[in-house]
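Engineer: With the working numbering, letter number 215 in the sequence shown gets 217, and the count goes up by one each step, no holes.
Quick reminder that beta carbons are idealized off the backbone N, C-alpha and C, glycines included.
Here the structure is a predicted model, which is why all the values come from computation and not from measurement.
My questions all concern the structure below.
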Amino acid sequence: GMFDNLSLKLDRAFKTLKGTGTITEINVATTVKEIRRALIDADVNYKVAKEVTDTIKQEALGRDVLISVSPGQLLVKITQEELTKLMGGTKVEINLTGDPSVVLISGLQGSGKTTFSGKLASLLKRQGRQVLLVACDIYRPAAIDQLKVLGEQVGVEVYAEPGNTNALEIANNAIAYAKKSGKKTVIVDTAGRLAVDEQMMQEIEQLKKALNPSETLFVVDSMTGQDAVNTAKTFDERLDFNGVVLTKLDGDTRGGAAISIRHVVNKPIKFISTGEKMENLDVFHPDRMAQRILGMGDVISLVERAQQSFDEEEAKRINSKIRTNNFNFDDFLSQLEQVKKMGNIKDLMGMIPGMGKAMKGLDIDDDSFKPIEAIIKSMTPAERQQPDIIDGSRRKRIASGSGRTITEVNNLMKQFSDMRKMMKQMNKMGGAKAAMSRLM
Ligand code: GDP
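Right under this line is the structure:
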């Protein structure tokens, strides 16, 4: 994350404070400046950043510095609380009332509307809903095909009328079709332009009036910074939308847009899109986003994504093996398979505290697992199940069998044994919860 080491920096700024025990006007000034700079670095609008840091200053002044937390940590915590508040405090659910419920997707061309439509369809389908995707982008014929491909990928039907240039008519027909075919949720993907233009605005206004959607979402590319804020304002004045979807918040993308947009339009952010894979969609949680902006990582979303992609039964089986200290190479291999299903490894690593920076410039993809897989697959079933029997001569055989070096085999063995040690420790400490709280 972009705020990596912010708390370290703040601690350094507080060095002079040693012995005083309270945060004072003088020592808070330097640190508040650091926080403001970090916020601006993360794309938070200057005015907003100044407001935040002024509040933080008020909050921090006079607070006792506890022995257990450093002043830097305390200020980061206050900052996190303040950012959370700024982004609305708590998550706001998408409203899916009506039969069928209609979700209208708006935004500029290229913002990620069509991709998001597919992702949302996939998410709702996984929640057990009957979903229909509707292609209402009448200006870009390729958009229909794009939505069809995505629909097929996630297993959701797509309604389209190629050749028809009346978006309202298509949408009405689609809703009639949804009623007839028992679809409970209709997601309408609309046309976007390169810049806000009047015809497009009128068209989507009409769509909104006629379809009476329970949810109108505004999709915006979080990499467009201040432009994103202005566009959000224009769309909100015309559409009075219900929520914002921030896209392209992958890996290292700054999260500041979330704060600025929320501040300017005062509408909740409901989803964040974090990659091109259909699984890369997360419900927006202000507290987690604040942690992410502060470089504290987003472990909770990571775990949730893991839970979504992981096979429930398999997860249970692995958990019990971990609990009984019986985790072996077969389990490791099966875990690797599951991890690959979760999406781009680099994006995932970006969610782990402190990892974002470490991963920068590294080229990690699914192929990175190949050597490990080759080594494990060269083990005999007995070796996989009882890794302890793998001695020097067996390592040699495994190395030549997999076409990898002895060093690589040794590294994997070491990694695996460290992992098992950590699992044992976790079991002693009372499970994953304890480990997680240590990680945070
Ligand atoms: P639309 O014109 O608003 O429908 O935008 P598209 O859905 O076609 O997206 C435009 C481009 O951005 C496409 O190349 C998408 O693959 C890409 N895209 C969309 N969402 C994301 C995202 O969350 N992360 C990344 N990295 N790319 C995205």
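1) Any idea which residues DSSP pairs A274 with across the strands?
2) Helix, strand or coil: how does DSSP classify F334 here?
3) Look at the alpha carbon of P373 and the alpha carbon of K379, and state the distance between them as a whole number of angstroms.
4) Below 8 Å between beta carbons: does that hold for V105 and V50?
5) Run through the region 156-226 for me and flag every whole beta strand (DSSP E) of 3 or more residues, listed as ranges in chain order.
6) Any chance the CB of G194 is under 7 Å from a heavy atom of the ligand GDP?
7) Grab me the residues of M84's own chain with a C-beta within less than 6 Å of its C-beta, minus the 5 sequence neighbours each way, in chain order.
8) Determine whether the beta carbon atoms of F418 and P389 lie at a separation below 8 Å.
9) Taking 7 Å as the cut-off, is the beta-carbon of K115 closer than that to any non-hydrogen atom of the ligand GDP?
10) Taking the straight line between their C-alpha atoms, what separation do you get for L122 and F334?
11) With distances taken Cα to Cα, identify the nearest neighbour of H287 among V231, V94 and A193.
12) For S395, report the span of its alpha helix (DSSP H) as first-last.
13) Which same chain residues end up closer than 7 Å to R406 when comparing Cβ atoms and leaving out the 5 residues on each side of it in sequence?
14) Since S380 sits in a beta bridge, which residues does DSSP pair it with?
15) State the start and end residues of the unbroken beta strand (DSSP E) segment that holds V104.
16) Would you kindly check if the distance between the Cβ of D223 and the Cβ of G114 is under 8 Å?
17) Checking 8 Å against the spacing of the C-beta atoms, do N429 and N327 come in under that value?
18) My assumption, with CB atoms under 8 Å, is that Y161 sits in contact with L135. Please give the rounded CB distance.
19) Please state whether DSSP places A137 in a helix, a strand or coil.
20) State the Cα-Cα distance for the pair M89 and I271, rounded to the nearest angstrom.
21) Which residues bound the alpha helix (DSSP H) around D238?
22) Taking only three categories from DSSP, how would you classify L85?
23) Quick one: Cα of A260 to Cα of L248, how far?
24) Below 8 Å between beta carbons: does that hold for D274 and D284?
25) If you measure between the beta carbons of Q340 and E316, is that distance less than 8 Å?
26) Tell me the rounded alpha-carbon separation between M424 and V158.
27) Alpha carbons only, please: which of V78, V133, P164 and A169 is nearest the one belonging to G153?
28) Do R195 and Q111 have their C-beta atoms closer together than 8 Å?
29) I'd like to know whether the C-beta atoms of V267 and K235 end up nearer to each other than 8 Å.
30) Can you have a look at I391 and say buried or exposed, based on whether 16 or more other CB atoms are within 10 angstroms of its CB?
31) So, for N214: in the same chain, excluding its five sequence neighbours on each side, which residues have a beta-carbon less than 8 Å away from its beta-carbon?
32) Taking a contact to mean a Cβ-Cβ separation below 8 Å, would you say L63 touches V30 in this structure?
33) Could you check how far apart the C-beta atoms of I513 and E61 are, in whole angstroms? I think they sit under 8 Å.
34) Helix, strand or coil, according to DSSP, for L63 in the structure here?
35) Would you grab the beta carbon distance between G227 and D252 for me? Rounded to a whole angstrom, and I think it's under 8 Å.
36) Please tell me whether, using a cut-off of 7 Å, the distance from the CB of S275 to the nearest non-hydrogen atom of the ligand GDP is below it.
Structural biologist: Inspection of the coordinates gives the following:
1) Counted from its first residue, the sequence shown places residue 274 at position 272. Here residue 274 is Ile; the residue named in the question, Ala, does not match the sequence. Answer by DSSP bridge pairing, in chain order: L248 and D284.
2) The count along the sequence shown starts at 1 and reaches residue 334 at position 332. Three-state DSSP puts F334 in a helix.
3) Here residue 373 refers to the residue found at position 371 when the sequence shown is read from its first residue. Here residue 379 refers to the residue found at position 377 when the sequence shown is read from its first residue. One C-alpha to the other measures close to 10 Å.
4) Locating residue 105 in the sequence shown gives position 103, counting from the first residue. Locating residue 50 in the sequence shown gives position 48, counting from the first residue. The answer is no: Cβ separation not under 8 Å.
5) 159-161, 187-192 and 217-223
6) Translated into the one-based positions of the sequence shown, residue 194 becomes position 192. Result yes, Cβ under 7 Å from the ligand GDP.
7) The count along the sequence shown starts at 1 and reaches residue 84 at position 82. Before going further, note that residue 84 is Glu rather than Met in the sequence given. Answer for E84: V54, T57 and I58, listed in chain order.
8) Translated into positions along the sequence shown, residue 418 becomes position 416. Translated into positions along the sequence shown, residue 389 becomes position 387. Cβ atoms of F418 and P389: closer than 8 Å.
9) As a first step, residue 115 must be located in the sequence shown, where it is residue number 113. K115: yes, Cβ under 7 Å from the ligand GDP.
10) As a first step, residue 122 must be located in the sequence shown, where it is residue number 120. As a first step, residue 334 must be located in the sequence shown, where it is residue number 332. Each residue's Cα considered, the two are about 31 Å apart.
11) Numbered from 1 along the sequence shown, position 285 holds the residue referred to as residue 287. Residue V94 is the option with its Cα nearest to H287.
12) The count along the sequence shown starts at 1 and reaches residue 395 at position 393. G394 to S404 is the span of the alpha helix (DSSP H), which, as asked, contains S395.
13) Numbered from its first residue, the sequence shown carries residue 406 at position 404. Correct list, in chain order: P373, A376 and I377.
14) Here residue 380 refers to the residue found at position 378 of the sequence shown. Its beta-bridge partners do not exist; DSSP assigns none.
15) The residue labelled residue 104 in the question sits at position 102 within the sequence shown. From DSSP, the beta strand (DSSP E) with V104 extends over S103 to G109.
16) As a position in the sequence shown, residue 114 is number 112, starting the count at 1. As a position in the sequence shown, residue 223 is number 221, starting the count at 1. Yes, the pair counts as a contact, with Cβ atoms nearer than the cut-off.
17) Walking along the sequence shown from the start, residue 429 turns up at place 427. Walking along the sequence shown from the start, residue 327 turns up at place 325. Yes, Cβ-Cβ distance for N429 and N327 is below 8 Å.
18) As a position in the sequence shown, residue 161 is number 159, starting the count at 1. As a position in the sequence shown, residue 135 is number 133, starting the count at 1. The distance from the Cβ of Y161 to that of L135 is about 7 Å, consistent with a contact at the 8 Å cut-off.
19) The count along the sequence shown starts at 1 and reaches residue 137 at position 135. Three-state DSSP puts A137 in a strand.
20) To locate residue 89, count along the sequence shown from 1; it is residue 87. To locate residue 271, count along the sequence shown from 1; it is residue 269. Taking the straight line from one Cα to the other gives about 8 Å.
21) Locating residue 238 in the sequence shown gives position 236, counting from the first residue. Its alpha helix (DSSP H) spans residues Q228 to L241.
22) Numbered from 1 along the sequence shown, position 83 holds the residue referred to as residue 85. DSSP places L85 in helix when its eight states are reduced to three.
23) Against the sequence shown, residue 260 aligns to sequence position 258. Against the sequence shown, residue 248 aligns to sequence position 246. About 7 Å.
24) Numbered from 1 along the sequence shown, position 272 holds the residue referred to as residue 274. Numbered from 1 along the sequence shown, position 282 holds the residue referred to as residue 284. Note on identity: in this sequence residue 274 is Ile, with Asp being the wrong assignment. For I274 and D284, yes; Cβs fall inside 8 Å.
25) Along the sequence shown, read from residue 1 onward, the residue named residue 340 stands at position 338. Along the sequence shown, read from residue 1 onward, the residue named residue 316 stands at position 314. Yes; because the gap between Cβ atoms is below 8 Å, this pair is in contact.
26) As a first step, residue 424 must be located in the sequence shown, where it is residue number 422. As a first step, residue 158 must be located in the sequence shown, where it is residue number 156. If I take the Cα positions, the gap works out to 41 Å.
27) As a first step, residue 153 must be located in the sequence shown, where it is residue number 151. Distance from the Cα of G153 is smallest, within the candidate group V78, V133, P164 and A169, for V133.
28) As a first step, residue 195 must be located in the sequence shown, where it is residue number 193. As a first step, residue 111 must be located in the sequence shown, where it is residue number 109. Closer than 8 Å, so yes.
29) Stepping through the sequence shown from its first residue, residue 267 is reached at position 265. Stepping through the sequence shown from its first residue, residue 235 is reached at position 233. Yes, the pair counts as a contact, with Cβ atoms nearer than the cut-off.
30) Along the sequence shown, read from residue 1 onward, the residue named residue 391 stands at position 389. Exposed, since its Cβ has fewer than 16 Cβ neighbours within 10 Å.
31) Mapped onto the sequence shown, residue 214 falls at position 212. Cβ within range, chain order: G100 and V104.
32) Here residue 63 refers to the residue found at position 61 of the sequence shown. Here residue 30 refers to the residue found at position 28 of the sequence shown. In this structure, V30 lies closer than 8 Å to L63 by Cβ.
33) Nothing in the structure corresponds to residue 513, since the chain is present only between 3 and 442.
34) Mapped onto the sequence shown, residue 63 falls at position 61. Reduced to three states, the DSSP call for L63 is coil.
35) Taking the first residue of the sequence shown as position 1, residue 227 is located at position 225. Taking the first residue of the sequence shown as position 1, residue 252 is located at position 250. No, G227 and D252 are not in contact; Cβ-Cβ is about 16 Å, not under 8 Å.
36) Here residue 275 corresponds to residue number 273 of the sequence shown, with the count starting at 1. The answer is yes for S275.
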